[in-house]
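This report refers to the structure that appears directly beneath it.
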Amino acid sequence: MWWLAGFACSGSQAGRIHAAPVSETVGDGWAVGVPEGARVTVDPRILRVDSADGTMWFDVRWTTEPANEITAHTWARATCTPPMWDDPWVTDGRWAAGGLCMIANHRWWMIHVLERVGDRTLHTAFLADSRWVVYEDAWVLATRTALSFAGGEHAHAPPDADGLRVQIRLAGAEPPGMMPIPGGGKLSTRIFPHLSDLWAARDRAPPPDPLSPR
26 MWWLAGFACS GSQAGRIHAA PVSETVGDGW AVGVPEGARV TVDPRILRVD SADGTMWFDV
86 RWTTEPANEI TAHTWARATC TPPMWDDPWV TDGRWAAGGL CMIANHRWWM IHVLERVGDR
146 TLHTAFLADS RWVVYEDAWV LATRTALSFA GGEHAHAPPD ADGLRVQIRL AGAEPPGMMP
206 IPGGGKLSTR IFPHLSDLWA ARDRAPPPDP LSPR
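Numbering-wise (this note's numbering), the sequence shown opens with residue 26 and increments by one.
Okay, here's the thing in structure tokens:
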């Protein structure tokens with residue numbers, strides 16, 4: 026099946042993103058890691074980042090929608106068709122799932138996180154072009170960029186990249202589910218819990234609402 030071949034590539038070609046230049050963009054009470062040269066757009070509800078080479082992008086937005094799969098699916102169906110999701114990882118106030126979607130007739134990795142903060146939801150969506158960014162690298166890059174978005178003067182510290190790669194490979198070695206995506210719909214579900222330090226940091230320091238440039 027094609028998803029097995031796609032994940033095998035992530036093991037044999039991984040590592041290209043490990044040392045990719047990422048710099049901090051700092052706004053009024055918030056900070057985030059972005060690939061050097063990326064285009065950054067900020068408005069009161071949405072931060073949008075597009076890499077200079079077009080291989081990845083992410084947006085983070087504040088919304089009144091709940092932190093659940095309906096919110097994620099509504100966003101994804103308007104952005105890429107068709108989205109295919111792993112089983113979600115759900116904790117108190119947090120919904121997260123990875124998967125694949127189609128944009129311009131090729132597959133993009135998705136890493137999608139919704140977190141309830143007070144009466145609003147912080148909605149983070151990261152996408153990477155699977156033609157150029159292999160699966161492990163997508164996770165490393167997401168934790169260095171989109172998931173680093175923080176309230177305060179500095180972005181959240183990402184997990185150790187080598188350790189994260191080990192966890193991804195261990196997750197990939199477990200029995201797959203039945204869906205036609207890497208890990209059969211179980212892969213990201215098994216990876217998210219290993220980001221516990223990052224989740225704790227995000228709980229302590231969410232970005233402000235509304236968002237403003239400095």
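Quick reminder that beta carbons are idealized off the backbone N, C-alpha and C, glycines included.
Computed from a prediction, not measured in an experiment: that's the story for all the values here.
Would you decide whether residue i is buried or exposed? Buried here means 16 or more other CB atoms lie within 10 Å of its CB.
| i | result |
| --- | --- |
| L195 | exposed |
| I206 | buried |
| S221 | exposed |
| V191 | exposed |
| G58 | buried |
| V159 | buried |
| D111 | buried |
| P183 | buried |
| P231 | buried |
| V74 | buried |
| A39 | At A39 the pLDDT is 46, less than 50, meaning the model places this residue with poor confidence; the figure from the coordinates comes in the next sentence. With 16 or more Cβ atoms within 10 Å of its Cβ, A39 is classed as buried. |
| G188 | exposed |
| L236 | buried |
| G62 | exposed |
Name the two residues that bound the continuous alpha helix (DSSP H) containing residue i.
| i | result |
| --- | --- |
| E49 | Looking at the DSSP string, E49 is not in any alpha helix (DSSP H); the run it does join, the beta strand (DSSP E), is 47 to 51. |
| H98 | 94 to 104 |
| D187 | 186 to 198 |
| T214 | 212 to 216 |
| D228 | 221 to 229 |
Just curious, the beta strand (DSSP E) that residue i is in, first and last residue?
| i | result |
| --- | --- |
| L125 | 119 to 128 |
| D141 | It is Arg, not Asp, that sits at residue 141 in the sequence shown. Note, R141: beta strand (DSSP E), 131 to 142. |
| T116 | 114 to 116 |
CB residue i to CB residue j, shorter than 8 Å?
| i | j | result |
| --- | --- | --- |
| L172 | T146 | no |
| A226 | H181 | yes |
| T170 | V47 | yes |
| W114 | P218 | yes |
| R11 | V51 | With the chain running from 26 to 239 in the structure shown, residue 11 is simply not present. |
| M109 | M203 | no |
Relative to the ligand ATP, is the shortest distance from any of its heavy atoms to the C-beta of residue i smaller than 7 Å?
| i | result |
| --- | --- |
| A56 | What this structure holds is no ligand at all, so the ligand ATP is not there to describe. |
Practice item. Go through the segment 147 to 171 residue by residue and report every complete run of the alpha helix (DSSP H) that reaches 4 residues or more, in order. Key: 160 to 169
Check your understanding: If you pair each beta-carbon of the segment 138 to 155 with each one of the segment 78 to 87, do three or more pairs fall below 8 Å?
Key -> yes
**Study point:** Any 3 or more C-beta pairs closer than 8 Å across the segment 120 to 137 and the segment 52 to 67
**Key:** no
Point to revise | contact_flag[the segment 125 to 142, the segment 93 to 105] where n(CB pairs < 8 Å) is 3 or more | key: yes
Practice item. Go through the segment 49 to 86 residue by residue and report every complete run of the beta strand (DSSP E) that reaches 3 residues or more, in order. Key: 55 to 60, 64 to 67, 71 to 75
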